[in-house]
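The structure appears below as structure tokens.
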């Protein structure tokens, strides 16, 4: 979509990694390249966190129940358990390249961000396109991962442009072509216009972005309020929002889906501790202490039960967080069988002082119960079938790093390959082979210098969007 034309005063760039989770799995496990890959929980309640484009051809997508996605792929898909530490390390390398080439990056998530390169100020559409293609090539050459890039005169249109030519595409849309390119597209593609707003607009005959931008400001305000008029301005090209650092997180959280519903507090407790520990790990990475601990459970009827406790003094101590979580966790004996437990830490502060008077009571607790739709599961529970789980990272004393392709009948099959090796060979061992042990998932990246877990990035456990 590039061409010549006059230069724009401002070009905003949106970089979006394509099918990021699945692409990282295909990168580090070469046997999976070109095949349908589904990333997520493989249990009966598993949810797709990421789907490769080969899987999307069959209709599989993120946030879909894994069982449904597997059926759609007609048994051809490889189901891979998420390895967020690997995605996070890959993200750090990608953003390092983007910052080197484009300057400051406003990170939106683990796999997308905005830039406003100084070199593009006043550039023509053709020059902006050439720059974007060069950036895309650099990312692929240095990481083996592909991205789509949208370039336009503001954030809204840059983000929409990155979706135009997916996967591995570049789209540059100048002010002179905004209406032509985006006008016919569904109004729901404007970030911030969700199903409710779409329904209200449909009642007055507005279904496309062009019809929306042609509306009278007063009519938009009456239908959608002040937020609607702000979005109207963005859609018309009045989008002065800067590419800038985002505010620090207001909370950190983690949750786990149980393999089997917990009907007692004792049965739910290990999952509560696992969620609290994961949330605490993210709190430590953030470098702050938390004052409020919130526990959410979801029961078998998909109702969410939430209770919070605000401490007298902010804490970063894991034992205190676990104790607080236990004190407010809704009991399955009262709420009903529990299928998910989550712990959220909020009221974050840089004050990391321990309690001088731990006997002081908490400020207060709050409890709410409300319906809540299912969410993707976090890290899976231990596999009850044996010590090895399919797609688990392992190391053999003789053959090095590999990953489990399958296990059963007292044996485990391991494929030995990394990003750098190309498709590897599979070998079979007894499940109790003393030469076989769990491995660091980061070994699969085989990058020089080695990939290391980031110290200040929290990878979301929800589904990817790209």
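Residue numbers (full-length UniProt numbering): 1 to 466.
Virtual Cβ for every residue (Gly too), placed ideally from N, Cα, C.
- Residue 340 and residue 298 have their C-alpha atoms some 5 Å from each other.
- The continuous beta strand (DSSP E) containing residue 314 extends over residues 303-315.
- A straight line joining the alpha-carbon of residue 72 with that of residue 111 spans about 26 Å.
- Going by beta carbons, residue 39 and residue 22 fall inside the 8 Å limit.
- The continuous alpha helix (DSSP H) containing residue 84 extends over residues 84-102.
- Secondary structure remark: continuous alpha helix (DSSP H) runs of at least 4 residues inside the segment 175-253, in chain order: 178-182, 195-203, 209-213 and 217-235.
- Distance from the CA of residue 199 to the CA of residue 211, rounded to the nearest whole angstrom, comes to 14 Å.
- In this structure the segment 13-22 touches the segment 157-169; the number of beta carbon pairs closer than 8 Å is three or more.
- The segment 431-443 and the segment 389-403 touch, with no fewer than 3 CB-CB distances between them shorter than 8 Å.
- Taking the C-beta atoms as reference points, residue 49 is found nearer than 8 Å to residue 82.
- At a Cβ-Cβ threshold of 8 Å, residue 66 and residue 42 count as neighbours.
- Beyond the five residues adjoining it in sequence on each side, residue 155 comes within less than 7 Å, by CB distance, of 12, 114, 239 and 241 in the same chain, given in chain order.
- Of the other Cβ atoms in all chains shown, fewer than 16 fall within 10 Å of the Cβ of residue 121; this residue is therefore exposed.
- In the three-state scheme derived from DSSP, where H, G and I count as helix and E and B as strand, residue 76 is classed as coil.
- Contact annotation: the segment 328-347 touches the segment 299-311, with at least three C-beta pairs closer than 8 Å.
- Contact fails between the segment 188-199 and the segment 172-179, because fewer than three Cβ pairs, one in each stretch, are under 8 Å apart.
- The three-state reading of DSSP puts residue 296 in strand, counting E and B together.
- Between the beta-carbon of residue 445 and that of residue 419 there is about 6 Å, and that keeps the pair under the 8 Å contact cut.
- For the set 244, 245, 246 and 213, the Cα lying nearest the Cα of residue 231 is the one of 213.
- DSSP, read as helix, strand or coil, puts residue 392 in coil.
- Annotation: residue 111 is outside any alpha helix (DSSP H) and is labelled neither H nor E by DSSP.
- A distance of 8 Å or more separates the beta carbons of residue 116 and residue 24.
- For the beta strand (DSSP E) assignment, the uninterrupted runs of no fewer than 3 residues enclosed by the segment 410-445 are, from N- to C-terminal side, 411-416, 425-430 and 436-438.
- With respect to residue 129, residue 118 sits apart: the two C-beta atoms are not nearer than 8 Å.
- Per DSSP, reduced to three states, the secondary structure at residue 18 is coil, with no helix or strand assignment.
- In the DSSP assignment, residue 402 falls within the beta strand (DSSP E) that extends over 400-408.
- A residue is called buried when at least 16 other Cβ atoms come within 10 angstroms of its Cβ; residue 141 does not meet this threshold and is exposed.
- Residue 316 has its alpha-carbon roughly 43 Å from the corresponding atom of residue 410.
- By the criterion of at least three beta-carbon pairs nearer than 8 Å, the segment 427-436 is in contact with the segment 386-395.
- Across the set 86, 35, 326 and 97, the C-alpha of 35 shows the shortest separation from the C-alpha of residue 74.
- Around the beta carbon of residue 157, 16 or more other beta carbons lie within 10 angstroms, which makes this residue buried.
- Selection 179, 269 and 251 evaluated against residue 286 yields 251 as nearest (Cα-Cα).
- DSSP, reduced to helix, strand and coil, places residue 127 within a helical segment of the structure shown.
- Going by DSSP, residue 341 is part of the beta strand (DSSP E) stretching over 338-346.
- Annotation: the continuous alpha helix (DSSP H) that includes residue 268 extends over 265-286.
- Rounded to the nearest whole angstrom, the C-alpha separation of residue 91 and residue 138 is 15 Å.
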